[in-house]
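Its first residue numbered -18, the sequence shown is counted upward by one per residue in the numbering used here.
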Amino acid sequence: MTVQISGERARRAFVDKIERIAGQDLLACYQCGKCSAGCPMARYMDILPNQMIRFAQLGLAEELLSSSAIWLCVSCQTCNTRCPKGVRIVEVIEAARQVVLRTRRDHLDVRDLDPQILAKIPPIALISSMRKFTS
Ligand code: SF4
Ligand code: SF4
C-alpha cells in the first residue's frame, strides 16, 4: 500500500526540521517587522527577514528555500538584537541554508554567469558561492 504524505504533514515536517536545526520556536515570532526594519541587506532581498520567519512558520519550504534572501543575509546579527521576542532569526536563516546545502543542490549555476565576469572570479570565491556561502 502506498502511503501518501499529505501537504499538511510535509509542511509540519519542514517546520520541525527548521526548528530543530535552528533551535528556535518559530511561533514565538508575532510578525512585528523589527528585524526587517533594521536589516542592512533588506533592500536587496526578495523576501524580508520577517517574511522568511513567516514562511518557515507556515512550512512553505519551496518559497523559503528558493529565495535569494537566505543567501544574501550576511549574519550580522542586527535582527537578533532587535527582536522583542528573542527569536534568533539568523539561526533560522542558517537552518534554511543548511537544508539546501544538505541536498547538495548548488544555489549558483555557473552557466548563468556572464563569461567575462566568470573569467575574473577567483575559483575559491566561485566554489564558496556555490557550496559554502553560509555562516
Ligand atoms: S523582530 Fe522577532 S517577532 Fe518581530 S518579526 Fe522579526 S522575528 Fe518576528
Ligand atoms: S543577520 Fe541577516 S537578516 Fe539579520 S539583519 Fe543581518 S543581514 Fe539582515
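C-beta: ideal position from N, C-alpha, C; glycine also. Predicted model, so just to flag it, every value in this text is computed and none were measured.
Buried or exposed: where does residue i fall if 16 or more other Cβ atoms within 10 Å of its Cβ makes it buried?
{"i": "Gln5", "result": "buried"}
{"i": "Pro30", "result": "buried"}
{"i": "Val55", "result": "exposed"}
{"i": "Glu(-11)", "result": "exposed"}
For residue i, report the span of its alpha helix (DSSP H) as first-last.
{"i": "Thr84", "result": "Run containing Thr84: none; DSSP gives neither H nor E here."}
{"i": "Ala9", "result": "No alpha helix (DSSP H) holds Ala9; DSSP gives it neither H nor E."}
{"i": "Pro103", "result": "Note, Pro103: premise wrong, no alpha helix (DSSP H); not H, not E."}
Who are the Cβ neighbours of residue i in its own chain at under 6 Å, not counting the five residues just before and after it?
{"i": "Val(-4)", "result": "Gly40"}
Output needed for residue i: all residues of its chain with C-beta closer than 7 Å, excluding positions within five of it in sequence on either side, in chain order.
{"i": "Ala76", "result": "Ile(-1), Ile2 and Ala3"}
{"i": "Arg63", "result": "Lys15, Cys16 and Gly19"}
{"i": "Arg(-7)", "result": "Gly40"}
Considering only heavy atoms of ligand 1, does any lie closer than 6 Å to the CB of residue i?
{"i": "Ile28", "result": "no"}
{"i": "Lys101", "result": "no"}
I'd like to confirm something about residue i: is its beta-carbon nearer than 6 Å to some heavy atom of ligand 2, or not?
{"i": "Ser56", "result": "yes"}
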